[in-house]
Amino acid sequence: MSKVEKYQGIIPAFYACYGEDGKASAQRSRELTRHMVKKGVKGLYVCGSSGECIYQSKEERKLTLEAVMEEAAGKLTVIAHVACNNTEDSRELAAHAQALGVDAIAAIPPIYFHLPEHAIAEYWNDISAAAPDTDFIIYNIPQLAGVRLTMPLYKKMLENPRVVGVKNSSESTQDIQMFKDAAGEGHIVLNGPDEQLVSGLAIGADGGIGGTYGVMPELYLEIFNAMKNGDVTRAQAVQNDACRIIYALCGCHGNLYAAIKAVMELREGLKLGGVRKPLAALTEEDMPKIKAIAGMVDEAIGKYCK
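Numbering follows our numbering, in which position 295 of the sequence shown is assigned residue number 293; successive positions increment by one, without gaps.
Okay, structure coming up:
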C-alpha cells in the first residue's frame, strides 16, 4: 500500500470514552475500536477535537491511544493528534505515539496567543522531530484554533519530509484544491467538515476525517463509495440525510458528542460515558430527541445501506 493509499477513505474521529467515575476508560476505548474495525472504516483519528483532547491530561491521552492501538494495529490506519498548548508536552505525546507504531501524528497550531508563522512552523517541526520515523499531518481548523494555514506557511512546512498533508477543517472547500496543488503527488488532503464531504471529495480530497462519522459510519462509507464510482446523485442524497442528522444532533441542550454517545448507546449498546465539563451534558428534555435521532440514523442506513 502506498503512503497516499493508506489514508484514502473514511476515518472517524475517535470519541473520548469515560467510565462511570468520569475518568478515561481503556476498556471502553478498546470496545469502541473493535466496533469501528467491524464497521469497515479506513482508520481512526485519535485524541482530536472529538476526543475532547483539550480537556484531557497527557496521561489520559496516552491511555486512550494505547487502548486503540491494542485493537487497531495492523487493521486500521491510526492518526494520533498530539498537539498540546506547549511544545514539550506535544513532543512527549508525539514520541509516545511513534513508540506505539501509529501511522501518523497530527497537530493543530498553538492556540490563544497569535504567533507569527515562523513560530508556528517551528512548533510543528519541533513536534515532528520528536517522532522522526512517523508521518506528520497538519490540522487546519481556523474557526476554532484562531489560526489559518496559509499557503506560505504550508509551503514552508513542506520542506519537512515527514509532512504528508493536511486535515482540512476550514469552511472553504477551495482550500482543499489549493493544498493539493501546492503539495503535488504523494501528499494527501482529508476533508474535515462532515457536512461538506461530497463537495470536498469532488474538489480532490483523498478521504475524510469527521466527528459524526462514528455514529453513522455506514452513511459516510456510502458517500465515499458513491463518489468513487461516479454516482454523484446518490452521494448527494446520502449527504443530505447525514446533514439532517447532524443538525438534529446539534439541536440538543447537551453537547454534540454527548448526543452522539447517547445515540450510540441506544443503537449499538456501546457505553462511552458522557462528556467532560465544561462541555454540556444531556438533560432529560434531550432524551426524546436522542430517540428520534436514533430513528433517523436507522432509517437512513436502511434506505441506503441494504
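Just so it is clear, CB atoms sit at the ideal spot from N, CA and C, and this is done for glycine as well.
Rounded straight-line distance, which links the Cα of residue j to that of residue i
| i | j | result |
| --- | --- | --- |
| residue 178 | residue 186 | 7 Å |
| residue 3 | residue 9 | 13 Å |
| residue 50 | residue 39 | 21 Å |
| residue 291 | residue 246 | 7 Å |
| residue 152 | residue 80 | 19 Å |
| residue 85 | residue 137 | 16 Å |
| residue 144 | residue 109 | 7 Å |
| residue 266 | residue 293 | 12 Å |
| residue 226 | residue 205 | 10 Å |
Identity of the residue in the options nearest residue i by Cα
| i | options | result |
| --- | --- | --- |
| residue 58 | 38, 17 and 84 | 17 |
| residue 114 | 89, 148 and 100 | 148 |
| residue 355 | 222, 22 and 80 | With the chain represented from -1 up to 304, any question about residue 355 goes unanswered, as that position is not in the structure. |
| residue 88 | 41, 301 and 45 | 45 |
| residue 150 | 160, 119, 193 and 162 | 119 |
| residue 377 | 97, 189, 238 and 56 | In the structure as shown, the chain starts at -1 and stops at 304, and residue 377 therefore has no counterpart that could be examined. |
| residue 218 | 7, 1 and 184 | 7 |
| residue 76 | 201, 133 and 172 | 133 |
| residue 303 | 225, 239, 33 and 220 | 220 |
| residue 67 | 99, 184, 267 and 117 | 99 |
| residue 162 | 102, 285 and 255 | 102 |
| residue 105 | 241, 116 and 139 | 139 |
| residue 125 | 141, 94 and 112 | 94 |
| residue 286 | 255, 71 and 249 | 249 |
Residue range of the beta strand (DSSP E) that includes residue i
| i | result |
| --- | --- |
| residue 134 | 133 to 138 |
| residue 77 | 75 to 79 |
| residue 10 | 8 to 10 |
| residue 105 | 102 to 105 |
heavy atom of the ligand NAD below 7 Å from residue i C-beta
| i | result |
| --- | --- |
| residue 204 | Among the ligands in the structure shown, none appear at all, so the ligand NAD cannot be discussed. |
Under 8 Å between C-beta atoms of residue i and residue j
| i | j | result |
| --- | --- | --- |
| residue 244 | residue 203 | no |
| residue 83 | residue 123 | no |
| residue 231 | residue 252 | no |
| residue 264 | residue 288 | yes |
| residue 13 | residue 30 | yes |
| residue 15 | residue 27 | yes |
| residue 63 | residue 78 | yes |
| residue 165 | residue 135 | yes |
Residue interval of the alpha helix (DSSP H) (run including residue i)
| i | result |
| --- | --- |
| residue 121 | 115 to 127 |
### Message
Could you tell me which whole alpha helix (DSSP H) segments of length 4 or greater appear in the segment 195 to 255?
### Response
Complete alpha helix (DSSP H) runs here, min 4: 195 to 201, 215 to 226 and 230 to 247.
### Message
For a minimum of 3 consecutive residues, which ranges assigned as the beta strand (DSSP E) are wholly contained in the segment 34 to 100?
### Response
41 to 44 and 75 to 79
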